[in-house]
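Just so we're aligned, residue 0 is where the sequence shown starts under numbering that gives the first Met the number 0, counting upward by one. Shown next, in structure tokens, is the structure this report addresses.
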Amino acid sequence: MPTATATRYTLTYPKAHPEQPPMAVLFTVAPDAKGTWTVERQPYGAAGRMLTGDRPRHYYGDEAQARAEAAYRGLVVRECLHVAQMLGMELEPRDVRFRDGCPTLDGLDAGHWLEAVGTD
0 MPTATATRYT LTYPKAHPEQ PPMAVLFTVA PDAKGTWTVE RQPYGAAGRM LTGDRPRHYY
60 GDEAQARAEA AYRGLVVREC LHVAQMLGME LEPRDVRFRD GCPTLDGLDA GHWLEAVGTD
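Following this line, the structure appears as structure tokens:
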């Protein structure tokens, strides 16, 4: 049986002010030694400081990995849609696809795609 590993993805928001670093959100889905899967969403402010995040979600049992990965994808999709809306774009959840745990839009990394669109 293959060993399950953690998946992490950071989505960076477009810069609000050119002189400040942008806000970012780190998403993680990971198993522990007992088979419990945890999904976390941790935002970081414009100055790089950790902000109050959501409470970690824990998944147990036979379907823990599948349920945790689905929750991870849901959180990431919601954040991508939020960033797109801030940029004045309308995306649908089905527009965000996943490749090896990372979200994509039009085949490109979602964060890079949103950043490129945000600078146009």
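Glycine included, C-beta positions come from ideal geometry on N, C-alpha and C.
ask   = To the nearest angstrom, how far is it from the Cα of Gln19 to the Cα of Arg7?
value = Your numbering for residue 19 matches position 20 in the sequence shown. Your numbering for residue 7 matches position 8 in the sequence shown. Between Gln19 and Arg7, the C-alpha separation is close to 24 Å.
ask   = Contact check, Val24 vs Pro13 under 8 Å by CB: the rounded distance?
value = In the sequence shown, the residue the question calls residue 24 occupies position 25. In the sequence shown, the residue the question calls residue 13 occupies position 14. The C-beta distance from Val24 to Pro13 rounds to 13 Å, too long to meet the 8 Å contact threshold.
request  = Using a threshold of 9 Å, state whether the C-beta atoms of Val95 and Leu74 are closer than that.
outcome  = Start at 1 with the first residue of the sequence shown, and residue 95 comes out as number 96. Start at 1 with the first residue of the sequence shown, and residue 74 comes out as number 75. No, these two residues do not count as a Cβ contact at 9 Å.
message = Which of the three DSSP states is assigned to Pro92 in this structure?
response = Residue 92 sits at position 93 when you count from the first residue of the sequence shown. Three-state result, Pro92: helix.
Residues of its chain near Ala70, where Cβ-Cβ distance is below 7 Å and the 5 sequence neighbours each way are ignored = The sequence position of residue 70 within the sequence shown is 71, counting from 1. Counting only Cβ-Cβ distances below 7 Å, and skipping sequence neighbours, we find Val38 and Arg56.
ask   = Mind checking Arg54: buried by the 16 CB within 10 Å criterion, or exposed?
value = Against the sequence shown, residue 54 aligns to sequence position 55. Exposed is the call here.
key: Residues near Pro1 in its chain [Cβ-Cβ closer than 7 Å; skip 5 each side]   = The residue labelled residue 1 in the question sits at position 2 within the sequence shown. Below a pLDDT of 50, predicted positions are generally treated as unreliable, and Pro1, at 42, falls in that range; the measurement from the model is reported next regardless. Excluding its 5 nearest sequence neighbours in each direction, Pro1 has no C-beta neighbour in its own chain below 7 Å.
task = Between the Cα of Leu10 and those of Arg77, Met88, Glu91 and Arg66, spot the shortest distance and give me the residue it belongs to.
result = For the purposes of this step, residue 10 is identified with residue 11 of the sequence shown, where counting begins at 1. Of Arg77, Met88, Glu91 and Arg66, the residue nearest in Cα terms is Arg77.
ask   = Among Leu90, Asp105, Ala115 and Gly34, which has the Cα closest to the Cα of Ala5?
value = As a working note, residue 5 is residue 6 in the sequence shown. The shortest C-alpha separation from Ala5 is found at Gly34.
request  = Kindly indicate which residue of Arg66, Leu113 and Met22 has the alpha-carbon position closest to the one of Met49.
outcome  = For the purposes of this step, residue 49 is taken as residue 50 along the sequence shown, with counting starting at 1. Taking the Cα of Met49 as reference, the smallest distance to any Cα among Arg66, Leu113 and Met22 is reached at Met22.
inquiry  = Short of 6 Å in beta carbon distance, which residues of its chain neighbour Ala67, apart from the five on each side in sequence? Order them along the chain.
reply    = On the sequence shown, position 68 is the one that residue 67 refers to. The beta carbon of Ala67 sits closer than 6 Å to those of Val28, Trp36, Val38 and Tyr58, all from its chain and outside the five residues before and after it, given in chain order.
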